[in-house]
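Participant: Residue numbers for the sequence shown follow the working numbering, beginning at 48 and rising by one. Using N, Cα and C, we set each Cβ at its ideal position, and we do this for glycine too.
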Amino acid sequence: ESQKELTELSDSSLQPVMDIATNILDLAKSIYSLVENAKANKKRCQRVSERVKALESLVKSIEQRSAVQPADDINKALNELSITLTSAYHLIKKYTMSHLVKRILMSSS
48 ESQKELTELS DSSLQPVMDI ATNILDLAKS IYSLVENAKA NKKRCQRVSE RVKALESLVK
108 SIEQRSAVQP ADDINKALNE LSITLTSAYH LIKKYTMSHL VKRILMSSS
């Protein structure tokens, strides 16, 4: 996913809770995909993935209660989670890319 798409996913200050929840679940899928390919800091990436998985179930629970009017604190918490997951995505992507660059440099020598 492009940088712009992920920025849009985390730029959820005016979005309804259901949209934020959907964006968070999309971010979680992106993180899982990156973790599968991460070579550098693999254990750390896997721990992040496990924590995201735990949070994912909470977000799904909130999403399933769409008929209930969410409180402002839920909206704020989901916004914060979205920002945090975007940061995690970029960090894991950095780990993945740094390993790729290292492999390229090693293969050319």
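Which ranges would you report for the alpha helix (DSSP H) in the segment 69-155 if only whole runs of at least 4 residues count?
Facilitator: With a minimum length of 4 residues, the continuous alpha helix (DSSP H) runs that stay inside the segment 69-155 are 89-111, 119-155.
Participant: If you check the beta carbons only, do Leu125 and Ile67 fall under 8 Å apart?
Facilitator: In contact: Leu125 and Ile67 (Cβ atoms closer than 8 Å).
Participant: Drop a sphere of 10 angstroms on the beta-carbon of Ala85, count the other beta-carbons inside from all chains shown, and report buried for 16 or more, exposed for fewer.
Facilitator: The residue in question, Ala85, is buried, as its Cβ has 16 or more Cβ neighbours within 10 Å.
Participant: Quick check on Leu132: buried or exposed, where buried means 16 or more other Cβ atoms within 10 Å of its Cβ?
Facilitator: Answer is buried; the Cβ neighbour count reaches 16.
Participant: Tell me whether Leu128 is buried or exposed, calling it buried when 16 or more other Cβ atoms sit within 10 Å of its Cβ.
Facilitator: Burial call: buried.
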